[in-house]
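Student:
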Amino acid sequence: MHGREWIVEAHGCVPPRLADPAVVAALLDQVIGDLSLSPVAPPQWHKFPAPGGVTGVAMLAESHLTVHTFPEHGSLCMNLFCCGPRPEWDFAAALRARFDAQVVQVRCFERAYGPMQDGKVARTTPVSVRIVRAG
103 MHGREWIVEA HGCVPPRLAD PAVVAALLDQ VIGDLSLSPV APPQWHKFPA PGGVTGVAML
163 AESHLTVHTF PEHGSLCMNL FCCGPRPEWD FAAALRARFD AQVVQVRCFE RAYGPMQDGK
223 VARTTPVSVR IVRAG
């Protein structure tokens, strides 16, 4: 059995937006809505003291979605793991629109989570790596 995991890093973001819990929460809500994900509880949030950012986690029927922002570095990190198939989503466009991200790297992996075959642990296989630059 395989799932997909997206590891997303955005750089060159506008620091005040990264520090704003409402802006970061809107991003999580957009991902959940656009991908028809199923939260099992309300997202949990923590706002760090300045100059720190925001961390949020949504527990999903499909697995999890997390976001961590670092205004002091102008960066944002996201992780989405889904146990089943999901369509590709344009993380770069959303991060450019909300945070004016200048560079977005999206790595997608196929993750095995079923029983071992032939006594071997399945390998995590990269599916795609994309780097999108503004401009």
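Here the sequence shown is numbered in my numbering, starting from 103 and rising by one per residue. Where a beta carbon is used, it is the ideal one built from N, C-alpha and C, also for glycine. Source: prediction; values computed, not measured.
Check this for me: beta carbons of residue 155 and residue 105, under 8 Å apart or not?
Tutor: Here residue 155 refers to the residue found at position 53 of the sequence shown. Here residue 105 refers to the residue found at position 3 of the sequence shown. No, the Cβ-Cβ distance between residue 155 and residue 105 is not below 8 Å.
Student: Taking the alpha carbon of residue 107 as the reference point, which residue from 198, 190 and 233 has its own alpha carbon closest?
Tutor: Counting from 1 along the sequence shown, the entry for residue 107 is found at position 5. Ranking the options by Cα distance to residue 107, first place goes to 190.
Student: Less than 8 Å between the beta carbons of residue 229 and residue 210, yes or no?
Tutor: Position 127 of the sequence shown, counted from the start, is the residue given in the question as residue 229. Position 108 of the sequence shown, counted from the start, is the residue given in the question as residue 210. Yes, Cβ-Cβ distance for residue 229 and residue 210 is below 8 Å.
Student: Drop a sphere of 10 angstroms on the beta-carbon of residue 118, count the other beta-carbons inside from all chains shown, and report buried for 16 or more, exposed for fewer.
Tutor: For the purposes of this step, residue 118 is identified with residue 16 of the sequence shown, where counting begins at 1. Under this definition residue 118 is an exposed residue.
Student: I want to know whether the segment 127-138 touches the segment 156-169 - three or more CB-CB distances under 8 Å.
Tutor: A contact exists between the segment 127-138 and the segment 156-169.
Student: Pick out the complete beta strand (DSSP E) segments inside the segment 132-185, 3 residues or longer, and give them in chain order.
Tutor: Qualifying beta strand (DSSP E) stretches, in chain order: 146-149, 156-161, 165-172 and 177-184.
Student: Have a look at residue 178 and residue 120 and give me their C-alpha separation to the nearest angstrom.
Tutor: Working through the sequence shown from its first residue, we reach residue 178 at position 76. Working through the sequence shown from its first residue, we reach residue 120 at position 18. If you take the alpha carbons of residue 178 and residue 120, they lie about 7 Å apart.
Student: Can you tell me the Cα-Cα spacing of residue 208 and residue 176, whole angstroms?
Tutor: Locating residue 208 in the sequence shown gives position 106, counting from the first residue. Locating residue 176 in the sequence shown gives position 74, counting from the first residue. Each residue's alpha carbon lies about 17 Å from the other.
Student: Residue 205 bridges to which residues according to DSSP?
Tutor: Working through the sequence shown from its first residue, we reach residue 205 at position 103. Beta-bridge pairing links residue 205 to 113 and 235.
Student: Please report the distance separating the alpha-carbon of residue 192 from that of residue 151.
Tutor: Taking the sequence shown and counting its residues from 1, the one referred to as residue 192 is at position 90. Taking the sequence shown and counting its residues from 1, the one referred to as residue 151 is at position 49. Taking the straight line joining both Cα atoms gives about 31 Å.
Student: Are the CB atoms of residue 126 and residue 158 nearer to each other than 8 Å?
Tutor: Reading the sequence shown from its first residue, position 24 is the one you call residue 126. Reading the sequence shown from its first residue, position 56 is the one you call residue 158. Yes.
Student: Comparing alpha-carbon positions, which option in 201, 168 and 194 lies nearest residue 184?
Tutor: Working through the sequence shown from its first residue, we reach residue 184 at position 82. Residue 184 has its Cα closest to that of 168, out of 201, 168 and 194.
Student: Can you give me the Cβ contacts of residue 110 inside the same chain, cut-off strictly under 6 Å, excluding the 5 residues immediately before and after it?
Tutor: Position 8 of the sequence shown, counted from the start, is the residue given in the question as residue 110. For residue 110, where only same-chain residues beyond five positions count, the Cβ hits under 6 Å are 180, 193 and 208.
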